[in-house]
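Residues in the sequence shown are numbered from -7 upward in steps of one, following this note's numbering.
Cβ atoms here follow ideal geometry from the backbone N, Cα and C, with glycine treated the same way.
Here the structure is a predicted model, which is why all the values come from computation and not from measurement.
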Amino acid sequence: MERNIKLNGVDHACSAKKLDFYAQDGDSDCGWLDGSGVRNKQVDYVIAADIICKPDDAVAAAKTCFDTLKCGGEAFIICGDSKHRYGVEIFEKECTKLGLCVSAQDVKELGMYDDTTEGLHLTTGYVEG
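So this is what it looks like as structure tokens:
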């Protein structure tokens, strides 16, 4: 992530930090804890992908969104469906419990999805069907 930030020439405007979403409490207006236990200021945007594999992950991810985002901030979270990523089905409910608004879109509906399975067998966690 840090290398991509530098390669894209946006290191003056953004940064990457280690975050353990199980370390977040979901009730902090004072920011979030990084991997070193240091509290950080809330941010405008969070980008995450493939972070939910079980129901506890969905709860932790929702708490992390609450703790990390400024009022009016946005999180862009890309998840598989609940067929193979257990817990995804409760993520929206967990966010709503914390007062977060959720807008979900299926990438197939956005026309950005290649429905072929070519190369997917190389993907970690991929299960046919």
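- By the Cβ rule, the segment 23 to 35 does not count as touching the segment 70 to 80, because fewer than three pairs are nearer than 8 Å.
- In the structure shown, the three-state DSSP call for TYR78 is coil.
- Here ALA41 has ILE69, ILE70 and CYS71 as same chain residues with Cβ atoms under 8 Å from its own Cβ, once five neighbours each way along the sequence are excluded.
- DSSP lists GLU66 as the beta-bridge partner residues of TYR37.
- For ASN0, the secondary structure class from DSSP, reduced to helix, strand or coil, is coil.
- Non-local C-beta neighbours of ALA50 in its own chain, meaning closer than 7 Å and more than five positions away in sequence, comprise ILE44, GLY79, VAL80, ILE82, PHE83 and GLU86, ordered along the chain.
- Nearest in C-alpha terms to THR60, of all of VAL94, LEU102, LEU25 and VAL2, is LEU25.
- Put simply, the backbone Cα of GLN16 is about 6 Å away from that of THR56.
- Rounded to the nearest whole angstrom, the C-alpha separation of SER95 and ALA54 is 14 Å.
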